[in-house]
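First the structure, in the form of structure tokens, and then the observations on it.
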Amino acid sequence: MAKSTSQIVLVLSGPNLNLLGERQPEIYGTDSLDDHMRRVEEAAKQLGLQIEKVSAQSAAELITAIHSARNRCAAIIINPGALTHFAWSLHDALASFTGPIVEVHLSNPSTREEWRHESVVAPVASGTIAGFGADSYVFAVHAVATLLAKKK
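Take a look at the structure:
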């Protein structure tokens, strides 16, 4: 894959992801959010992408970040946490973004509790990467790079 010129990719982390590495390591692993973001930045650098990170504990903070990304960022990678399943306001904000959107989850929500099976983000996302643990975020960076290269 050819390297792109430096473009900004906004990486959004929803509620409770700041507790990665501590909260339910049997599901989410032992890596912290900082560990995941280091790998994201390394992968992005190799692909000629810049990363901007926002970790938020509310839908309102994520929505504000999405609004500020419009006409400024090339793509969004989002792990909305539990907001995935009911935050229609997040869906609407993402629908206003014109670049690629990749939804990412460390675990596979489809294999967990039934209430986790529906994503309000999926209908406005270019795609979803779920269930690959620590690799999920790196796969999302590669997916974004591929989608951006196709837009050229």
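The opening residue of the sequence shown carries number 106 in this note's numbering; numbering runs sequentially from there. Even for Gly, the Cβ is constructed at its ideal location relative to N, Cα and C. Since this is a predicted model, take the numbers as computed values, not measurements.
Reduced DSSP category for residue i - H, G, I as helix; E, B as strand; rest coil
i	result
Val209	strand
Asp240	helix
Ala250	helix
Lys257	coil
Thr189	helix
Ala265	Nothing can be reported for residue 265: it is not among the residues displayed for the chain, which extend from 106 to 257.
CB of residue i within 7 Å of CB of residue j, strictly
i	j	result
Leu50	Ala250	Shown here, the chain extends from 106 to 257; a query on residue 50 therefore has no answer.
Glu157	Ile183	no
Val246	Thr189	no
Gly134	Gly238	yes
Ser173	Ser118	no
Leu195	Ala149	no
Ala200	Ile168	no
Ala62	Gly204	The requested residue 62 is not part of the displayed model; the chain covers only 106 to 257.
Val243	Arg144	yes
Ser212	Ile132	yes
Phe202	Arg177	no
Gln162	Pro228	no
Expected contact under 8 Å - CB spacing of residue i and residue j to nearest Å
i	j	result
Leu122	Gly186	6 Å
Ser112	Leu252	In the sequence on display, residue 112 carries Gln and not Ser. Wrong, their Cβ atoms sit about 11 Å apart, outside the cutoff.
At 3 residues or longer, what runs of the beta strand (DSSP E) sit wholly inside the stretch 114 to 183? 154 to 160
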